[in-house]
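Add 1 to the 1-based position in the sequence shown for our numbering, that's all there is to it. Single-structure report; data block below.
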Amino acid sequence: MTDDHYRVQCDCGLVTAVVGDLRPATCNHVKCYCKDCQAFAHFLGRNTDVLDEQGGTDIAQISAGRLTFRAGTDKVAGMRMSESGLMRWYASCCRTPIANTAASAKLPFIGLIAPFMTNGEDEGRVDAALGPFRGYGFVHGAKGDRAVPGRKHEGFLAIALQLARIMIPALLTGAARKHPFFDADSGAPISEPTVLSEAERVALREKVDADRL
Numbered sequence: 002m003t004d005d006h007y008r009v010q011c012d013c014g015l016v017t018a019v020v021g022d023l024r025p026a027t028c029n030h031v032k033c034y035c036k037d038c039q040a041f042a043h044f045l046g047r048n049t050d051v052l053d054e055q056g057g058t059d060i061a062q063i064s065a066g067r068l069t070f071r072a073g074t075d076k077v078a079g080m081r082m083s084e085s086g087l088m089r090w091y092a093s094c095c096r097t098p099i100a101n102t103a104a105s106a107k108l109p110f111i112g113l114i115a116p117f118m119t120n121g122e123d124e125g126r127v128d129a130a131l132g133p134f135r136g137y138g139f140v141h142g143a144k145g146d147r148a149v150p151g152r153k154h155e156g157f158l159a160i161a162l163q164l165a166r167i168m169i170p171a172l173l174t175g176a177a178r179k180h181p182f183f184d185a186d187s188g189a190p191i192s193e194p195t196v197l198s199e200a201e202r203v204a205l206r207e208k209v210d211a212d213r214l
C-alpha cells in the first residue's frame with residue numbers, strides 16, 4: 002500500500018479493507034480493559050490472542066470515513082452485549098474481531114481492533130502509524146498488577162480530546178455519511194447485530210472472571 006494507506010483483513014483473508022491516512026495525528030491509540038471488551042474476545046473464542054496478559058484490547062479509534070471495505074462485507078457480522086451496548090463487529094468466516102462502533106453513524110468513529118489491524122501489513126509499520134498508547138480505559142477491570150481499584154481511566158482527557166479531533170471534522174464536512182458499517186441512505190447497519198440474552202451475558206462474564214483466576 003502507499004505510505005499512509007494500510008491494508009487490513011481478517012485471519013482467513015475473506016474480509017479485506019483499506020485504512021487511509023493512518024498516523025498518530027489521525028487516530029486515537031488506546032487500550033481498553035473493560036469487561037465487555039474482554040467478553041467480546043471470549044464470545045469469539047479469541048481471548049488468548051486478542052487480549053493481553055492483563056485483559057487489555059488494543060484499539061485504534063479512527064474517523065469512520067478512513068475505513069473502506071474491499072471484499073467480504075457479506076461476512077461482516079455484529080453483536081451487542083445489550084440493547085444499549087456498543088456494536089461489536091467481527092468476521093463470521095474466521096471470527097476475527099474487526100471493530101467497535103456506536104449504534105449509529107451519527108457518531109462517526111470506529112475502534113479498529115488488533116489483530117484485524119495487523120493481518121495485512123507488517124506489524125512494526127502499523128505500530129509506527131498508530132504511535133504510543135494515548136490512554137488506558139477501565140483500568141479497574143484489568144487483571145493482575147495492572148488493575149487500579151477505584152480508578153476508571155488513565156489519560157482520559159487526552160483520549161477525549163483526540164476523539165473530538167477525529168469526529169468533529171467528519172461531522173462538519175459530511176464525511177460521517179461514509180460510515181462503512183451503516184448504509185448511507187437508510188442509516189441501517191450493514192448486518193443486523195445479534196443482541197445477547199441475559200443468560201448469554203452472564204455466561205460470558207463468568208468466562209471473563211474465570212480467566213482472572
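All C-beta atoms, glycine included, are put in the ideal place defined by N, C-alpha and C. Because the structure is a prediction, the values reported are computed rather than measured.
Nearest neighbour of residue i, chosen from the options [CA to CA]
i: L15; options: C95, G136, T27 and Q39; result: C95
i: A165; options: D59, G79, L108 and D12; result: L108
i: D75; options: P190, N48, V9 and R202; result: P190
i: Y7; options: L173, F117 and R206; result: F117
i: K32; options: K179, T174 and P133; result: P133
i: Y137; options: V127, S192 and E155; result: E155
i: P127; options: S93, F70 and I60; result: Residue 127 is actually Val in this sequence, not Pro. Selected option, being the one with the closest Cα: I60.
i: Y34; options: R178, L173 and D146; result: D146
i: D210; options: A130, A103, C13 and G56; result: G56
i: H30; options: A130, K179 and H180; result: A130
i: N1; options: H180, K208 and A185; result: Absent from the model: residue 1. The displayed extent of the chain is 2 to 214, so no value can be given.
i: A161; options: R135, R178 and A185; result: R135
i: C13; options: D50, T97 and F70; result: T97
Distance, residue j Cα to residue i Cα
i: L68; j: L158; result: 25 Å
i: Q22; j: V9; result: According to the sequence shown, residue 22 is Asp rather than Gln. Approximately 13 Å, taken between the alpha carbons.
i: A215; j: V20; result: With the chain represented from 2 up to 214, any question about residue 215 goes unanswered, as that position is not in the structure.
i: M168; j: S187; result: 21 Å
i: R47; j: L205; result: 13 Å
i: G66; j: G175; result: 10 Å
i: T17; j: R152; result: 37 Å
i: E54; j: R213; result: 10 Å
i: E124; j: A104; result: 30 Å
i: F70; j: D5; result: 17 Å
i: R178; j: D50; result: 33 Å
Reduced DSSP category for residue i - H, G, I as helix; E, B as strand; rest coil
i: D59; result: strand
i: P25; result: helix
i: F157; result: helix
i: H6; result: coil
i: C35; result: coil
i: G86; result: coil
i: M168; result: helix
i: A106; result: coil
i: V19; result: strand
i: G132; result: coil
i: F41; result: helix
i: G46; result: coil
i: A92; result: strand
i: R213; result: coil
i: T74; result: helix
i: R67; result: helix
i: A100; result: strand
i: T195; result: strand
i: H180; result: coil
Spatial neighbours of residue i in its chain, beta-carbon cut-off 6 Å, leaving aside the 5 residues before and after
i: I63; result: C28 and I111
i: T119; result: V127
i: S192; result: V77, A78 and G79
i: P25; result: G132
i: F183; result: A106 and P190
Close Cβ partners of residue i (< 7 Å) along its chain, the five nearest in sequence each way excluded
i: G80; result: One point to set straight first is that residue 80 is Met, not Gly, in the sequence displayed. F44, R89, P194, T195 and L197, listed in sequence order.
i: L52; result: Q39, A42 and T58
8 Å Cβ shell around residue i - same chain, five flanking residues per side excluded
i: A72; result: L15, V16 and T17
i: I99; result: C11, V16, V77, W90, Y91, A92, L113, I114 and F117
i: R202; result: A40, M82 and S83
i: E122; result: M2, Y7, R8 and V9
i: K208; result: A40, H43 and N48
Assess, as a yes-or-no matter, whether the segment 82-93 is touched by the segment 193-208 under the definition of 3 or more beta carbon pairs within less than 8 Å. yes
Kindly confirm or deny that the segment 23-40 and the segment 125-145 touch, where touching means at least three C-beta pairs closer than 8 Å. yes
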